[in-house]
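In what follows, a structure is listed as structure tokens, so that the remarks can point back to it.
2 protein chains.
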Amino acid sequence: MSGRVRIVDVASLAGVSTATVSRALSAPETVGRATRDRVMEAVRATGYRVNGAARDLRQQRARSLLILAPNLANTFFSRIFSAIQEEASAAGLAVQISDSRIGREKLVSLGYDGRADGIVLLDGAIDPDVVNGWRLPMIQLCEWNEAYRAPRIGIDNAAAARMAVEHLADLCHRSVLHVSGPDGNVLAVTRREGFSDGVAARGIAGTTLAGDFTLEAGACAARRWAELRPRPTGVFCASDECALGFISECAALGFGVPDDVSVVGFDDIDFAHRFLPALTTIRQPREALGRAAAKALVNLLGLAQVADPGDPAIAPTIVVRSSTAPPPTDDSRVATITLD
Amino acid sequence: MSGRVRIVDVASLAGVSTATVSRALSAPETVGRATRDRVMEAVRATGYRVNGAARDLRQQRARSLLILAPNLANTFFSRIFSAIQEEASAAGLAVQISDSRIGREKLVSLGYDGRADGIVLLDGAIDPDVVNGWRLPMIQLCEWNEAYRAPRIGIDNAAAARMAVEHLADLCHRSVLHVSGPDGNVLAVTRREGFSDGVAARGIAGTTLAGDFTLEAGACAARRWAELRPRPTGVFCASDECALGFISECAALGFGVPDDVSVVGFDDIDFAHRFLPALTTIRQPREALGRAAAKALVNLLGLAQVADPGDPAIAPTIVVRSSTAPPPTDDSRVATITLD
DNA sequence: GCAGCGTCTGGAATCGATTACATCGCAGGG
DNA sequence: CCCTGCGATGTAATCGATTCCAGACGCTGC
Numbered sequence: 001m002s003g004r005v006r007i008v009d010v011a012s013l014a015g016v017s018t019a020t021v022s023r024a025l026s027a028p029e030t031v032g033r034a035t036r037d038r039v040m041e042a043v044r045a046t047g048y049r050v051n052g053a054a055r056d057l058r059q060q061r062a063r064s065l066l067i068l069a070p071n072l073a074n075t076f077f078s079r080i081f082s083a084i085q086e087e088a089s090a091a092g093l094a095v096q097i098s099d100s101r102i103g104r105e106k107l108v109s110l111g112y113d114g115r116a117d118g119i120v121l122l123d124g125a126i127d128p129d130v131v132n133g134w135r136l137p138m139i140q141l142c143e144w145n146e147a148y149r150a151p152r153i154g155i156d157n158a159a160a161a162r163m164a165v166e167h168l169a170d171l172c173h174r175s176v177l178h179v180s181g182p183d184g185n186v187l188a189v190t191r192r193e194g195f196s197d198g199v200a201a202r203g204i205a206g207t208t209l210a211g212d213f214t215l216e217a218g219a220c221a222a223r224r225w226a227e228l229r230p231r232p233t234g235v236f237c238a239s240d241e242c243a244l245g246f247i248s249e250c251a252a253l254g255f256g257v258p259d260d261v262s263v264v265g266f267d268d269i270d271f272a273h274r275f276l277p278a279l280t281t282i283r284q285p286r287e288a289l290g291r292a293a294a295k296a297l298v299n300l301l302g303l304a305q306v307a308d309p310g311d312p313a314i315a316p317t318i319v320v321r322s323s324t325a326p327p328p329t330d331d332s333r334v335a336t337i338t339l340d
Numbered sequence: 001m002s003g004r005v006r007i008v009d010v011a012s013l014a015g016v017s018t019a020t021v022s023r024a025l026s027a028p029e030t031v032g033r034a035t036r037d038r039v040m041e042a043v044r045a046t047g048y049r050v051n052g053a054a055r056d057l058r059q060q061r062a063r064s065l066l067i068l069a070p071n072l073a074n075t076f077f078s079r080i081f082s083a084i085q086e087e088a089s090a091a092g093l094a095v096q097i098s099d100s101r102i103g104r105e106k107l108v109s110l111g112y113d114g115r116a117d118g119i120v121l122l123d124g125a126i127d128p129d130v131v132n133g134w135r136l137p138m139i140q141l142c143e144w145n146e147a148y149r150a151p152r153i154g155i156d157n158a159a160a161a162r163m164a165v166e167h168l169a170d171l172c173h174r175s176v177l178h179v180s181g182p183d184g185n186v187l188a189v190t191r192r193e194g195f196s197d198g199v200a201a202r203g204i205a206g207t208t209l210a211g212d213f214t215l216e217a218g219a220c221a222a223r224r225w226a227e228l229r230p231r232p233t234g235v236f237c238a239s240d241e242c243a244l245g246f247i248s249e250c251a252a253l254g255f256g257v258p259d260d261v262s263v264v265g266f267d268d269i270d271f272a273h274r275f276l277p278a279l280t281t282i283r284q285p286r287e288a289l290g291r292a293a294a295k296a297l298v299n300l301l302g303l304a305q306v307a308d309p310g311d312p313a314i315a316p317t318i319v320v321r322s323s324t325a326p327p328p329t330d331d332s333r334v335a336t337i338t339l340d
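As given, the protein sequences belong to chains A and B, one line each in that order.
Numbered per the UniProt record's numbering, the first sequence spans residues 1 to 340.
Numbered per the UniProt record's numbering, the second sequence spans residues 1 to 340.
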């Protein structure tokens, strides 16, 4: 006995009206004790579950939030999704996910079909007209776009990049390479700016190669790096994936990390501390980020009792491991240092 | 002009009834040419989008499928989610995700609230009463449970494990270790069985250590392995994560892979081919698996025109890379071989 | 000229809940 | 004793689409 039980079935079994059943379930204190017990018993007996579509239609909300990410296959998002879903679930919300590259028409519909109450945007490259056309509460997470009319949550990417440069400079590297993300990407641009600022501040030489955050981009950058003269002794990759690709290809080319070159990553993905060598990297607290975004969205939806101020805990930190060390001390380098 | 446009607004602007607007949108061929054009123009002018909740209620379906996974933070699922979402999107379905450990009550609701038309189950450890209580089309993917009344899609885990053993045996390893998943898990159990079978078939020595698929489990297993006498020269880990943890800890203990010990993983995650050494592993075609599951579910929902037979392409393969090699030829081993 | 048929369109029921408003009974104050 | 007020409950409107059914219209063929 289940599946197609409606509220009228419960009502007739309990000998009350549907209004009373509805109230007994959603506002128990407004229903008399005896009646409530009778209703609850009928609910149990029939196995009744409210029909979401009917409730959503009547209440004009979907009890659901939508996550839009530029590539669901990217493992970087896993922990963020997990955190968002936990928070959402706690607030009684379901979680819908979609790749943001499903095509303009479908994308527009997603924000319009009334099946999500709010959106977590992990993509800063969607057409702003589409995004601003949605009349839903939104939060930008990690990536962002100035044109979107929505609050942002994320780390200070420029500061994070500067930390990486600082670290390499502190180890006495005088020439560093940045393997960045693609030109159009805000994260890539901001981290590159931070890199440039850091390099300028420390008076060291900085070079940039554009990549796209992937393993292959890192490997490709390693081959380019090997041909540079003089070769930078420190490398800052815009993502851990990229850094691992770089290190892996270095090994194939006969270079050791950190003996021949120091490498700093970005993100602190799960594997970073188990890579060989363990990767020095900028930690993005992904779980905290996801949680903060979900909380902020729940707040915007007016579902939270307590409004908490912006979480100050979302700061990037550098995690120093074994992929960075002082630069190799070959003759030319010693000579250079002596000249200073 | 948008957001709160209803079908009646479009109808009155176009000077037709709501029935006609509805038909013009969902079955254009049943509406006269002139009328259809007028309706479409009104749709454009008003920016009308159908209300999903209303349509779902009337049609008694949600145009949405639910993915249930035991841990959304597990990066293994990323590619699967991505593939499922692609197929679902192509079939006009939204994708909802949930961690399957959200608590029994919430879990029961998920399958009952009418907001999903079908479920992709990636968890074989949910209470069968809950799962079988759902009256929705379901597909079990990767993990499974005999008690669930739902078709399964996944690789042959026992055969896959045997392939790993074969590979090690072919390299002349005579004593191999299996770092398995946790006891209750079907994947762990099946792979362990395959391991045992393989070992027996080749007449070599096999030992098993229970882990839980994680990096740390692999690292822990490495420490245990180092204390074994004699030490197995080949290791088959039940997941790539575990294998990477094992190799990483081996390095910390002063053992080299594959010089001192050969390691085979399972899954072929993205990093496997870039790890140092590149990991020999059993490839699970995750994208194909996700795609097949989504297609099968779409078929069950009766949304597909063509029913395609079970995809035979979903077979595990072994990808041989650099983490496996013949066993080290120390004296004791040479002696043993000589005795054969 | 008319029956018969096919095409297009509109009226109204329907999906299943929530909720504004009305009603009823009873307790307490004037 | 009547009236007010309040708590508990029922009646019916409502959310916004889809779809059954029937009617209008134009043609064809006899």
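Quick reminder that beta carbons are idealized off the backbone N, C-alpha and C, glycines included.
On a predicted model such as this, the values are computed, not experimentally measured, just so you know.
(message) Could you tell me the alpha carbon to alpha carbon distance between residue 282/A and residue 329/B, rounded to whole angstroms?
(response) One Cα belongs to residue 282/A, the other to residue 329/B, and the distance between them is close to 42 Å.
(request) Please list the partners that residue 82/B has in chain A, where partner means a Cβ-to-Cβ separation under 8 Å. (result) Those within 8 Å of residue 82/B in chain A are 71, 72, 73, 99.
(request) Look at the alpha carbon of residue 16/B and the alpha carbon of residue 81/B, and state the distance between them as a whole number of angstroms. (result) Separation of residue 16/B and residue 81/B (C-alpha to C-alpha, rounded to the nearest whole angstrom) is 43 Å.
(request) Just confirm the distance between the C-beta atoms of residue 54/B and residue 57/A, as a whole number of angstroms; I'd bet it's less than 8 Å. (result) Contact annotation, residue 54/B with residue 57/A: C-beta distance approximately 5 Å; criterion of less than 8 Å satisfied.
(message) My output table needs one value for residue 97/B: the three-state DSSP class, helix, strand or coil.
(response) Residue 97/B falls in the strand class under three-state DSSP.
(message) Checking 8 Å against the spacing of the C-beta atoms, do residue 65/A and residue 297/A come in under that value?
(response) The Cβ-Cβ distance between residue 65/A and residue 297/A falls below 8 Å.
(message) Which of the three DSSP states is assigned to residue 280/B in this structure?
(response) Three-state result, residue 280/B: strand.
(request) Using only alpha-carbon positions, find the residue among 150/A, 264/A, 19/A, 90/A that is nearest to residue 140/A. (result) Selected option, being the one with the closest Cα: 150/A.
(message) If we define contact as Cβ-Cβ less than 8 Å, is residue 148/B a contact residue for chain A?
(response) No, because no Cβ of chain A sits closer than 8 Å to the Cβ of residue 148/B.
(message) Threshold first: 4 residues or longer. Then list the alpha helix (DSSP H) segments lying entirely within the region 86–170 of chain B, N to C.
(response) Residue ranges of uninterrupted alpha helix (DSSP H) with 4 or more members, entirely inside the region 86–170 of chain B and ordered along the chain, are 104–110, 128–133, 157–170.
(message) Once the 5 residues before and after residue 142/A are set aside, which same chain residues still bring their CB inside 6 Å of it?
(response) Residues 122, 154 of the same chain have their beta carbon placed closer than 6 Å to that of residue 142/A, with the five preceding and five following residues left out of the count.
(message) Give me, in chain order, the residues of the same chain whose beta-carbon lies closer than 7 Å to that of residue 183/A; leave out the 5 immediate sequence neighbours on both sides.
(response) Taken in chain order, the residues that qualify are 210.
(request) May I ask which residues mark the beginning and end of the alpha helix (DSSP H) holding residue 52/A? (result) Secondary structure note for residue 52/A: its alpha helix (DSSP H) is the uninterrupted segment 52–59.
(request) Please classify residue 179/B: does DSSP put it in a helix, a strand, or coil? (result) Here residue 179/B sits in strand by DSSP.
(request) Scan the region 283–300 of chain A for residues whose Cβ lies nearer than 7 Å to a Cβ of chain B and list them as they occur along the chain. (result) Cβ contacts with chain B: none found.
(message) Taking a contact to mean a Cβ-Cβ separation below 8 Å, would you say residue 95/B touches residue 84/B in this structure?
(response) In this structure, the beta-carbon distance from residue 95/B to residue 84/B falls below 8 Å.
(request) Could you check which residue in 74/A, 280/A, 255/A has the C-alpha nearest to that of residue 271/B? (result) Checked all of 74/A, 280/A, 255/A; the closest Cα to residue 271/B is 74/A.
(request) Verify whether the separation of the beta carbon atoms of residue 191/B and residue 161/B is less than 8 Å. (result) Contact: yes.
(message) Measuring only from the beta carbon, is residue 326/A closer than 7 Å to any heavy atom that is part of the ligand GTP?
(response) With respect to the ligand GTP, the structure shown offers nothing to examine, as it has no ligands at all.
(request) Using the Cα positions of residue 286/B and residue 200/A, report the straight-line distance between them to the nearest angstrom. (result) Between the alpha carbons of residue 286/B and residue 200/A lies a distance of about 45 Å.
(request) Check whether the Cβ of residue 79/A lies closer than 8 Å to any Cβ atom in chain B. (result) For residue 79/A, the nearest CB of chain B lies under 8 Å from its own CB, placing it at the interface with that chain.
(request) Check whether the Cβ of residue 50/A lies closer than 8 Å to any Cβ atom in chain B. (result) With a threshold of 8 Å between beta carbons, residue 50/A makes contact with chain B.
(request) Could you check what DSSP says for residue 319/B in three-state terms: helix, strand or coil? (result) Residue state for residue 319/B is assigned as strand, using DSSP reduced to three classes.
(request) Tell me residue 22/B's beta-bridge partners as DSSP assigns them. (result) According to DSSP, residue 22/B bridges with nothing at all.
(message) For chain B, check one thing: does any of its Cβ atoms lie closer than 8 Å to the Cβ of residue 204/A?
(response) So no, residue 204/A is outside the interface.
(message) Going by beta-carbon coordinates alone, are residue 224/B and residue 205/B separated by less than 8 Å?
(response) 8 Å or more divides the Cβ of residue 224/B from the Cβ of residue 205/B.
(message) Here's the rule: buried if 16 or more other CB atoms are within 10 angstroms of the residue's CB, otherwise exposed. What is residue 276/A?
(response) Buried is the call here.
(request) For residue 343/A, go through chain B and note every residue whose CB falls closer than 9 Å to its CB, in chain order. (result) Coverage of chain A is limited to positions 1 through 340, which leaves residue 343/A absent and any answer about it impossible.
(message) Just list the residues that DSSP pairs residue 7/A with in beta bridges.
(response) Per DSSP, residue 7/A has no beta-bridge partner at all.
(request) Report the rounded CA-to-CA distance for residue 365/B versus residue 316/B, giving the unit in angstroms. (result) Residue coverage of chain B in this structure runs from 1 to 340, which leaves residue 365/B outside it and unanswerable.
(request) Please name the residue, chosen from 293/B, 234/B, 240/B, that lies closest to residue 324/B on a Cα-to-Cα basis. (result) The option with the nearest alpha carbon to residue 324/B is 234/B.
(message) On the DSSP letters alone, give me the boundaries of the alpha helix (DSSP H) that residue 190/B sits inside.
(response) Under the DSSP assignment, residue 190/B falls in the alpha helix (DSSP H) whose first and last residues are 186–202.
(message) I'd like to check one pair, residue 245/A with residue 216/A: are the Cβ atoms closer than 8 Å?
(response) Contact: yes.
(request) Pair every Cβ in the region 32–48 of chain A with every Cβ in the region 239–256 of chain B, then say whether three or more of these pairs are closer than 8 Å. (result) No: fewer than three Cβ pairs fall under 8 Å.
(request) Within 10 angstroms of the Cβ of residue 41/A, are there 16 or more other Cβ atoms? Answer buried if so, exposed if not. (result) Exposure of residue 41/A is indicated by the presence of fewer than 16 other C-beta atoms within 10 angstroms of its C-beta.
(request) Give the residues of chain B in contact with residue 244/A, contact being defined as C-beta atoms less than 7 Å apart. (result) Against residue 244/A, the close residues of chain B are 271, 274, in the order they occur along the chain (beta-carbon pairs closer than 7 Å).
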